[in-house]
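Below is one structure, written out as structure tokens, with a few remarks after it.
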Amino acid sequence: MAMYCLDCINNLCTRNYDAKEVIFAKSLYICEGCGEYKTVVLMTKRYYWRRKLRIFRIITLPIYILWRLLILP
């Protein structure tokens with residue numbers, strides 16, 4: 074399995090990952106991209122954006138309920 078640091082992953086991928094969007098290893102490993110001892114990325118968080126948009130869902134739910142109450146009669 075290839076182990077890359079966050080900088081090398083951002084250079085390889087078209088999308089720039091933030092430190093909050095990935096899970097890091099607990100110890101230092103050699104990065105295969107730059108060859109330095111760094112904390113490497115194990116995997117990306119799958120549900121990062123779903124958790125970010127949770128506030129949007131909390132805001133829109135009362136508006137949706139009010140809308141349905143207005144349409145119902």
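When the sequence shown is numbered by the numbering used here, its final residue is 146 and no position is left out of the sequence of numbers. Yeah, the Cβ is synthetic: ideal placement off N, Cα and C, and Gly gets one too.
In the three-state reduction of the DSSP assignment, L145 falls in the coil class.
Per DSSP, L85 is not a residue of any beta strand (DSSP E); the alpha helix (DSSP H) it occupies stretches across L79 to L85. Pairwise C-beta distances place the segment 126 to 137 out of contact with the segment 103 to 114, as fewer than three of them are shorter than 8 Å. With a contact defined as Cβ atoms closer than 8 Å, V113 and A98 qualify at about 5 Å. In this structure Y90 is not in contact with I96, their Cβ atoms being roughly 11 Å apart against a cut-off of 8 Å.
Beta-carbon to beta-carbon, C78 and K125 are separated by about 24 Å, too far to satisfy the 8 Å threshold.
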